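The UniProt record's numbering applies: residue 1 is where the sequence shown begins, and numbers increase by one. Note that the Cβ used here is the ideal one computed from N, Cα and C, for glycine as well. Quick caveat: nothing in here was measured; it's all calculated off a predicted structure. Take a look at the structure below.
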Amino acid sequence: MNRERITFQNVFPTKESLLNIGKDGPHGYGWKEIRSIVSPVFTTGKMKLMFGTIHERIETLIKVLENRIQKDDCVDIYE
1 MNRERITFQN VFPTKESLLN IGKDGPHGYG WKEIRSIVSP VFTTGKMKLM
51 FGTIHERIET LIKVLENRIQ KDDCVDIYE
C-alpha cells in the first residue's frame, strides 16, 4: 500500500522545556496552549493509576541509595 506522507505544521516543539514558556512562548505558544495539551495527562484518575508505579520506583531508588551509602559513604547524584 502506498500512502501519502503527512507532515504536521504548527506543532509544539518537543525539544524545548515546558518550564521556560512564558505568556508568549516560543513559536507563538503560550502557557494556556501548553496547559491545554499537558493537563489531560495529570487528571486525578490518571495520577491515582500512576501512584503505585511511582511508589515502587521511589522505594527502589531509596534501596539503591542506601546500598551505595553503605559501600562508599558518598553518592554522586550525576551518575
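In this structure, the CA atom of lysine 63 is about 51 Å from the CA atom of glutamate 4. Taken through DSSP and simplified to helix, strand or coil, threonine 53 comes out as helix. A direct Cα-Cα distance of roughly 21 Å separates lysine 32 from lysine 46.
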